Structures are given as C-alpha cells and as structure tokens.
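Trainee: What follows is a single structure, and I will ask about it in a moment.
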Amino acid sequence: GAPPGYVGYDEGGYLTESVRRRPYSVILFDEIEKAHQDVFNVLLQILDDGRLTDGHGRTVDFKNTIIIMTSNVGSQFILDSRGQDDKVNQEVILNTLKQYFRPEFLNRIDEIVIFNFLKKPQIKKIVDIQIERLNKTLADHKIKLVLTENAKEFLADKGFDPDYGARPLKRAIQNYIQNPLSLKLLEGKFDDDDLIEVDFKDKNVSFRKIGKIEN
Numbered sequence: 051g052a053p054p055g056y057v058g059y060d061e062g063g064y065l066t067e068s069v070r071r072r073p074y075s076v077i078l079f080d081e082i083e084k085a086h087q088d089v090f091n092v093l094l095q096i097l098d099d100g101r102l103t104d105g106h107g108r109t110v111d112f113k114n115t116i117i118i119m120t121s122n123v124g125s126q127f128i129l130d131s132r133g134q135d136d137k138v139n140q141e142v143i144l145n146t147l148k149q150y151f152r153p154e155f156l157n158r159i160d161e162i163v164i165f166n167f168l169k170k171p172q173i174k175k176i177v178d179i180q181i182e183r184l185n186k187t188l189a190d191h192k193i194k195l196v197l198t199e200n201a202k203e204f205l206a207d208k209g210f211d212p213d214y215g216a217r218p219l220k221r222a223i224q225n226y227i228q229n230p231l232s233l234k235l236l237e238g239k240f241d242d243d244d245l246i247e248v249d250f251k252d253k254n255v256s257f258r259k260i261g262k263i264e265n
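The numbering of the sequence shown is this note's numbering, which starts it at 51 and goes up by one.
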C-alpha cells in the first residue's frame, strides 16, 4: 500500500484489501521470477503463517486462498531440448529452480507443475477443444462442424509455433474455418440443422453437408 502522507494510504494494500473483502480467492503471481525481493518476503510470511499484516496493523487471513505462481525459469531449456525425454527435462528444470529461488521459498510450495513441450497429439486435442467451443457458438445458427483427421492435422500444423506453443491456433481457426464458413452462411450454402464436414485436401479447406443434426 501507499506510505503515510501519500494518496491511497487510507485504502490499504491492494493484495490485503482484495483478500480481506474476498477471503475465498485464487491469487495469481505471473512470472514470479521478476518480482522484487520484498515480494518474496511477503510471500514467505503468507505461505508460512497463512496471514499478512497490512500498513494499518490489520491482520488479513490467507488460509482460504489458493496461490498460483508462474515462472519462465528453464523455459529456454525446454525449447532447446524438445523431443527429448520429459523426465530428464523435469529433473533439469527442478535443479534450475533450486539455483534461482531460495530454498526456504521452494520448500513452502505444495506442488511444482512443469509444462512440457507440446507435441502433435496434444495440439490435436487442443484443436478438438477449440472446435467444441466453436460448435457451441454455432448452435445459435443450428449447425454443427465435424472435422476430418486431415483437417485436424492441418489446423494443428498451422496453429502451432515452436516459440509460442498453441497460441496461434485460435487465429488459424478464425482464418481457415470461421471466416470461410461465415461467407458460406451469408451465401445461403447451408441450412438449419446441417451437419457440416470440414476437410483438408488439395491444399484447401473444404466444407460439405453430410447430414442433419440429430435432435
């Protein structure tokens, strides 16, 4: 919070005030490795005691909060070693974390989850999830999409970047599925309750009616 004499002093600290008002909260510290040492000192108190005292001397209970911290420590190693054994990567990452963060900080963390490099099967599963979400949107138009394996492979290739993971996938679905489908709907190519197959062949994405949605 702001020090005495400064604007905002009476409002208390942002973290303590938020938790005081909403004690059942999920708190996210993104890229925690970039935090000032004072932040780590505060986190140590929260993780150790389950409470924190603000600038007004009020004790705020953190025992009903869930604290999540993300970090990019070791991410370059994962990029450079893609294709190698994930267990080996995890050992290296854990050792890197021990070199970067203080032992008393790491020892207070309940669990460390390491996200491995995405591979083609995982990308295709993400494609399925995104298409399922798109179908929920298309339910308003009373149509449903079904993708062939070729179409999934195509989107998985277009929607994956070694540096950015699956972040480009939404854009790929927008460019290759949503935009062309919107034009076909405006042209009246499909009717209500149509089941539409999306395929990829001859370097093109194609759409064709294969039946009606079973109600």
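C-beta: ideal position from N, C-alpha, C; glycine also.
This structure is a prediction, so every number in the text was calculated from the model and none was measured.
Would you please state the rounded distance, in angstroms, between the beta carbons of K8 and L245? I believe it to be under 8 Å.
Mentor: The displayed coordinates of the chain run from 51 to 265. Any statement about residue 8 would go beyond what the structure contains.
Trainee: Tell me the rounded alpha-carbon separation between F167 and E247.
Mentor: For F167 and E247, the distance between alpha carbons rounds to 31 Å.
Trainee: Which runs of the alpha helix (DSSP H) at least 4 residues long sit entirely within the segment 219 to 257? Give them in chain order.
Mentor: Runs of the alpha helix (DSSP H) inside the segment 219 to 257: 219 to 223 and 229 to 236.
Trainee: In chain order, what are the residue ranges of uninterrupted beta strand (DSSP E) at least 3 long that sit wholly in the segment 148 to 208?
Mentor: Runs of the beta strand (DSSP E) inside the segment 148 to 208: 193 to 197.
Trainee: Cutting at 6 Å between CB atoms, please list the residues of its own chain near R258, excluding the five before and the five after it.
Mentor: Correct list, in chain order: E247.
Trainee: Output the distance between the C-alpha atoms of T120 and F127, rounded to the nearest integer angstrom.
Mentor: Each residue's alpha carbon lies about 16 Å from the other.
Trainee: Can you give me the C-alpha to C-alpha distance between F90 and V142, rounded to a whole angstrom?
Mentor: For F90 and V142, the distance between alpha carbons rounds to 23 Å.
Trainee: With DSSP as the reference, identify every bridge partner of K262, one or two as the case may be.
Mentor: Per DSSP, D244.
Trainee: Counting along the chain, where does the beta strand (DSSP E) carrying D111 start and finish?
Mentor: From DSSP, the beta strand (DSSP E) with D111 extends over T109 to D111.
Trainee: Determine, using beta carbons only, whether K113 and G100 come nearer to each other than 8 Å.
Mentor: Yes. Within cutoff.
Trainee: In whole angstroms, give me the CA-to-CA distance for L65 and G107.
Mentor: Cα-Cα distance, rounded: 14 Å.
Trainee: By Cβ distance below 7 Å, which residues in the same chain neighbour K202 in space, the five residues on each side in sequence not counted?
Mentor: Counting only Cβ-Cβ distances below 7 Å, and skipping sequence neighbours, we find K174 and V177.
Trainee: Do K148 and L156 have their beta-carbon atoms positioned less than 8 Å apart in this structure?
Mentor: Cβ distance < 8 Å, so L156 and K148 count as in contact.
Trainee: In angstroms with no decimal places, state the Cα-to-Cα distance between I227 and K220.
Mentor: Whole-angstrom Cα-Cα distance: 10 Å.
Trainee: Pick from L235, L129 and V255: whose alpha carbon is nearest that of F165?
Mentor: Nearest C-alpha to F165: L129.
Trainee: By alpha-carbon positions, which one of F204, A189, G215 and D242 ends up nearest to S256?
Mentor: When each option's Cα is compared against that of S256, the closest is F204.
Trainee: Alpha carbon to alpha carbon, how far is N200 from D88?
Mentor: Rounded to the nearest angstrom, the two C-alpha atoms are 52 Å apart.
Trainee: Give me the residue from P171, R217 and R158 with the minimum Cα distance to L94.
Mentor: Nearest C-alpha to L94: R158.
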